[in-house]
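**Student:** A single structure is presented below for examination.
There are 2 protein chains.
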Amino acid sequence: MIDVSLLGTGGTLPLPDRFLSSLLVRHGGRLIVVDCGEGTQVSLRRLGWGLKDIGTILITHFHADHIAGLPGLLLTIGNSGRGSDEPLSIVGPRGIQRVAESLRVIAPHLPYPIRYREMTGDSVDTFEIGDLKLRACLGEHDLTCLAYRFDLSRAPAFQPELAKEIGLPVQMWRVLQKGTPVEFNNRMVQPEEVLGPPRPGLSLGFLTDSRPTRKLVEFFTDVDLLVTEATYGDPEDQPKAIDNKHMTFAESAALGAAARAKNLWFTHFTPAMPNPDYFRKHAEAVYPGVVLGREHLSMTLSYPD
Amino acid sequence: MIDVSLLGTGGTLPLPDRFLSSLLVRHGGRLIVVDCGEGTQVSLRRLGWGLKDIGTILITHFHADHIAGLPGLLLTIGNSGRGSDEPLSIVGPRGIQRVAESLRVIAPHLPYPIRYREMTGDSVDTFEIGDLKLRACLGEHDLTCLAYRFDLSRAPAFQPELAKEIGLPVQMWRVLQKGTPVEFNNRMVQPEEVLGPPRPGLSLGFLTDSRPTRKLVEFFTDVDLLVTEATYGDPEDQPKAIDNKHMTFAESAALGAAARAKNLWFTHFTPAMPNPDYFRKHAEAVYPGVVLGREHLSMTLSYPD
Numbered sequence: 288m289i290d291v292s293l294l295g296t297g298g299t300l301p302l303p304d305r306f307l308s309s310l311l312v313r314h315g316g317r318l319i320v321v322d323c324g325e326g327t328q329v330s331l332r333r334l335g336w337g338l339k340d341i342g343t344i345l346i347t348h349f350h351a352d353h354i355a356g357l358p359g360l361l362l363t364i365g366n367s368g369r370g371s372d373e374p375l376s377i378v379g380p381r382g383i384q385r386v387a388e389s390l391r392v393i394a395p396h397l398p399y400p401i402r403y404r405e406m407t408g409d410s411v412d413t414f415e416i417g418d419l420k421l422r423a424c425l426g427e428h429d430l431t432c433l434a435y436r437f438d439l440s441r442a443p444a445f446q447p448e449l450a451k452e453i454g455l456p457v458q459m460w461r462v463l464q465k466g467t468p469v470e471f472n473n474r475m476v477q478p479e480e481v482l483g484p485p486r487p488g489l490s491l492g493f494l495t496d497s498r499p500t501r502k503l504v505e506f507f508t509d510v511d512l513l514v515t516e517a518t519y520g521d522p523e524d525q526p527k528a529i530d531n532k533h534m535t536f537a538e539s540a541a542l543g544a545a546a547r548a549k550n551l552w553f554t555h556f557t558p559a560m561p562n563p564d565y566f567r568k569h570a571e572a573v574y575p576g577v578v579l580g581r582e583h584l585s586m587t588l589s590y591p592d
Numbered sequence: 288m289i290d291v292s293l294l295g296t297g298g299t300l301p302l303p304d305r306f307l308s309s310l311l312v313r314h315g316g317r318l319i320v321v322d323c324g325e326g327t328q329v330s331l332r333r334l335g336w337g338l339k340d341i342g343t344i345l346i347t348h349f350h351a352d353h354i355a356g357l358p359g360l361l362l363t364i365g366n367s368g369r370g371s372d373e374p375l376s377i378v379g380p381r382g383i384q385r386v387a388e389s390l391r392v393i394a395p396h397l398p399y400p401i402r403y404r405e406m407t408g409d410s411v412d413t414f415e416i417g418d419l420k421l422r423a424c425l426g427e428h429d430l431t432c433l434a435y436r437f438d439l440s441r442a443p444a445f446q447p448e449l450a451k452e453i454g455l456p457v458q459m460w461r462v463l464q465k466g467t468p469v470e471f472n473n474r475m476v477q478p479e480e481v482l483g484p485p486r487p488g489l490s491l492g493f494l495t496d497s498r499p500t501r502k503l504v505e506f507f508t509d510v511d512l513l514v515t516e517a518t519y520g521d522p523e524d525q526p527k528a529i530d531n532k533h534m535t536f537a538e539s540a541a542l543g544a545a546a547r548a549k550n551l552w553f554t555h556f557t558p559a560m561p562n563p564d565y566f567r568k569h570a571e572a573v574y575p576g577v578v579l580g581r582e583h584l585s586m587t588l589s590y591p592d
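Chains as they are written, first to last, in the working numbering: chain A, 288 to 592; chain B, 288 to 592.
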């Protein structure tokens, strides 16, 4: 089960009624914040999922609207009781440590340690957050920007009838279920002997500040939920989308459709667009079930059975 | 005339219904922001006095709740149309350039130039913002923190009857009124000959993150409005006020009374105090007309006649 909530949906600058684009992910008691522009900590507090358990902050790129809230958030997490035995990971593109440490000129003393992790966007480069496997992919923006994908793999179902056939004592079932072989009747019983076929897990993608690319479509293939920037609603803003390396509603919808995303949320709306709903039809024409993001829009990704 | 508006009243961290302590000052078409924690730009936008005309940002000290909003605000001022011929001054304690430039790692490119001005808190150290004269005074906090005072001096009234006695042509009146001597009947006429007695000007003080001191009382003597921190309302928090180098309501009120401030506003409330009004009586017992600050509380300081 993965809980997801949009902390904000704005691009460029915070507005009185729109926080900057940011996503909160919760899994197994851990909280992960993806991007934190100015004011993200206020939206986090409003949502009420807590602050102390934020153990990972992912940064997509170094534009202020995606990272300016970092020093304040780090201080607030400290004020919420995170301690010296609870390190916090800050993950981002090359240079993340330099940029974050520069911002920490006003937050030099924190009660917990910080660990930095640069990601390259290379497909073999993964980072584990509990059971979640994180990967990154380079977007196409005017500076290095990473798209992120979380995958939660699911163990095959345990088949009691197979275990009974072998005659395995019940206390050994759990060990095999967890994927560890056990010794029984002078031989090693492999998990595969008592487990069913592979089952699909859960996945979540986050994309911002990018043009659409074939690589991104591949990266996000079959995600359960794709949260993507959709900066411009008006098709007439297509030239702006190209110039500023963003996407229109139609482009973001096409990306979601091409990746076969099961759910598609839009975020990172230009401040020049007070009512994204006005342009909804341009997205729905391409991806009928699209959801235009709003503050604290939430969803729980869970297994169908 | 000086317009003043509180942009926020919170200390330590921004809350869903409370922006961080910050003051906006307007005089002669110029806007001055005093402190800018995370979210100040949102409060500024809500107030609606504009962003482009912010030509000076004063920073009291380098705690995040007073400066974390700086890079975002600088970018937003740029987006509002401030251009290359409109430099913006950032004024603060020693080190302001180093700290601000470190934060500018995420706002390196601005369309207008930035000028830094360090203030020492020495009484002879002044900075002019149009007609306003700014001075600073060291507070007593756990790091260098400046209190600020703005003074607008008022020219003595022109006395037409005196000018007529001398026989001065009317076109010379304005020159003398502005303080410049003129030559008439083979002698220099001094402004004093046609001007009335000195008149009091307007003044405004801002104090945050400090214990009360005798020096601060002197610094703020006779201000028309003193905006001061009053972090703790509950008299039982007096030990906290001492430990954390802040003030209680009673202490802030006593400071305002001792300085003979004509108006007194409180700000910088601890996030642990959701309703400052509950403790109002402890301030009113010492300074009856005290005003507990709230977002966008505004006032115009003007001459009585």
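C-beta atoms are modelled at their ideal positions from N, C-alpha and C, and glycine is treated no differently.
What residue from B/Val514, B/Phe493, B/Pro358 and B/Leu584 has the CA that sits closest to B/Ala394's CA?
**Tutor:** For the residues B/Val514, B/Phe493, B/Pro358 and B/Leu584, the minimum Cα distance to B/Ala394 belongs to B/Pro358.
**Student:** Restricting to Cα atoms, I'd like to know which of A/Asp322, A/Leu302, A/Gly382 and A/Tyr403 is closest to A/Asp375.
**Tutor:** Here residue 375 of chain A is Leu; the residue named in the question, Asp, does not match the sequence. The shortest Cα separation from A/Leu375 among A/Asp322, A/Leu302, A/Gly382 and A/Tyr403 belongs to A/Tyr403.
**Student:** Could you give the distance in angstroms between the alpha-carbon of B/Leu334 and the alpha-carbon of A/Pro303?
**Tutor:** Looking at the two C-alpha atoms, the distance is approximately 10 Å.
**Student:** Within 10 Å of its beta-carbon, does A/Thr587 have 16 or more other beta-carbons around it, so buried, or fewer, so exposed?
**Tutor:** A/Thr587 comes out exposed.
**Student:** With A/Pro487 as the anchor, note down where its beta strand (DSSP E) starts and where it stops.
**Tutor:** Where A/Pro487 is concerned, the enclosing beta strand (DSSP E) stretches over Arg486 to Leu494.
**Student:** To the nearest angstrom, report how far apart A/Val291 and A/Arg369 are at their CA atoms.
**Tutor:** Near 22 Å, if we compare the C-alpha coordinates of A/Arg369 and A/Val291.
**Student:** Measure the alpha-carbon distance for A/Phe566 versus A/Gly520 and round it to whole angstroms.
**Tutor:** Going by the C-alpha atoms only, they are around 5 Å apart.
**Student:** Along chain E, which residues have their Cβ under 7 Å away from the Cβ of A/Ser389?
**Tutor:** Absence of chain E from the displayed structure is noted, the protein chains being A and B.
**Student:** Around the C-beta of B/Val411, are 16 or more other C-beta atoms found within 10 angstroms, so that it is buried, or is it exposed?
**Tutor:** Flag for B/Val411 reads exposed.
**Student:** At 8 Å on the CB atoms, spell out the chain A contacts of B/His350, in chain order.
**Tutor:** Ordered by position in chain A, the residues that pass the 8 Å Cβ test against B/His350 are Ile393.
**Student:** Entirely within the stretch 415–492 of chain A and at least 4 residues each: give me those alpha helix (DSSP H) ranges in chain order.
**Tutor:** The qualifying runs are 447–453 and 457–464.
**Student:** Considering only their Cβ atoms, is the gap separating A/His555 from A/Thr327 smaller than 8 Å?
**Tutor:** Not in contact: A/Thr327 and A/His555 (Cβ atoms no closer than 8 Å).
**Student:** Quick test of the definition: if touching needs 3 or more C-beta pairs under 8 Å, does the stretch 448–456 of chain A touch the stretch 427–440 of chain A?
**Tutor:** Short answer: they don't touch.
**Student:** Quick one: which chain B residues come within Cβ less than 7 Å of A/Ala355?
**Tutor:** What A/Ala355 touches in chain B: Pro358, Gly359 and Ile393.
**Student:** With A/Ile529 as the anchor, note down where its alpha helix (DSSP H) starts and where it stops.
**Tutor:** Here the alpha helix (DSSP H) through A/Ile529 covers Gln525 to Asp530.
**Student:** Thinking B/Pro447 and B/Gly483 are a contact (beta carbons under 8 Å), I'd like their distance in whole angstroms, please.
**Tutor:** Contact doesn't hold; Cβ gap of about 11 Å is too wide.
**Student:** To the nearest angstrom, report how far apart A/Ile364 and B/Ile344 are at their CA atoms.
**Tutor:** If you take the alpha carbons of A/Ile364 and B/Ile344, they lie about 28 Å apart.
**Student:** From this set, B/His569, B/Asp511 and B/Pro468, which residue's C-alpha is nearest B/Ala517's C-alpha?
**Tutor:** Residue B/His569 is the option with its Cα nearest to B/Ala517.
**Student:** Tell me which residue opens and which closes the alpha helix (DSSP H) that B/Leu397 is part of.
**Tutor:** Unbroken run through B/Leu397: none, as it is neither H nor E.
**Student:** How is A/Phe556 classed by DSSP in three states: helix, strand or coil?
**Tutor:** Of the three classes helix, strand and coil, the one that applies to A/Phe556 here is strand, per DSSP.
**Student:** Smallest Cα separation from A/Cys323: which of A/His314, A/Gly315 and A/Leu300?
**Tutor:** That would be A/Leu300, whose Cα lies nearest to the Cα of A/Cys323.
**Student:** Just the chain B side, please: which residues come within less than 8 Å of A/Gln328 by C-beta, in chain order?
**Tutor:** Result: Leu300, Pro301 and Glu325.
**Student:** Sorted by chain position, which residues of the same chain lie with C-beta nearer than 7 Å to A/Val469's C-beta, five sequence neighbours on each side aside?
**Tutor:** These residues qualify, in order along the chain: Met459, Val462, Leu463 and Val476.
**Student:** Is B/Pro499 closer than 8 Å to B/Thr431 when the C-beta atoms are compared?
**Tutor:** No.
**Student:** If we cut at 8 Å on Cβ distances, does A/Val386 have a partner in chain B?
**Tutor:** It does; some Cβ of chain B falls within 8 Å.
**Student:** According to DSSP, which residues form a beta bridge with A/Ser308?
**Tutor:** None, per the DSSP bridge assignment.
**Student:** Which bits of chain B does A/Thr296 rub up against, with CB to CB less than 7 Å?
**Tutor:** Those do not exist, as A/Thr296 stays about 15 Å from chain B at its closest Cβ, beyond 7 Å.
**Student:** For the stretch 486–499 of chain A against the stretch 532–539 of chain A, are there 3 or more C-beta pairs whose distance is under 8 Å?
**Tutor:** Taking 8 Å as the limit for Cβ pairs, the verdict is that the stretch 532–539 of chain A does touch the stretch 486–499 of chain A.
**Student:** Report, in whole angstroms, the separation of the C-beta atoms of A/Trp336 and A/Leu311, which I expect to be a contact under 8 Å.
**Tutor:** A/Trp336 to A/Leu311, Cβ: 6 Å. Contact.
**Student:** Could you work out which residue in A/Phe507, A/Thr467, A/Thr557 and A/Leu503 is closest to A/Phe306 when comparing CA atoms only?
**Tutor:** If we check each option's Cα against that of A/Phe306, A/Thr557 comes out closest.
**Student:** In whole angstroms, what separates the C-alpha of A/Ala528 from that of A/Leu584?
**Tutor:** About 25 Å.
**Student:** Which whole-angstrom value is the C-beta distance of A/Gly382 and A/Phe349, which I expect to be below 8 Å?
**Tutor:** The Cβ separation is near 7 Å, so the contact holds.
**Student:** Between which residues of its own chain and B/Leu318 is the CB-CB distance below 6 Å, once the five residues before and five after are set aside?
**Tutor:** Cβ within range, chain order: Asp340 and Ile341.
**Student:** Pop quiz: B/Val378 and B/Phe414 are said to be a contact at Cβ under 8 Å. What is the actual Cβ separation, rounded to whole angstroms?
**Tutor:** With a Cβ gap of about 6 Å, B/Val378 and B/Phe414 count as contacting.
**Student:** With 7 Å as the limit, tell me which residues of the stretch 542–569 of chain A have their beta carbon closer than that to any beta carbon of chain B; keep them in chain order.
**Tutor:** Hits within the stretch: zero.
**Student:** Enumerate in chain order the residues of its own chain whose CB-to-CB distance from B/Gly426 is below 6 Å, with the five nearest sequence positions on each side excluded.
**Tutor:** Excluding residues within five positions, the ones whose Cβ falls inside 6 Å are Cys432, Ala434 and Ser497.
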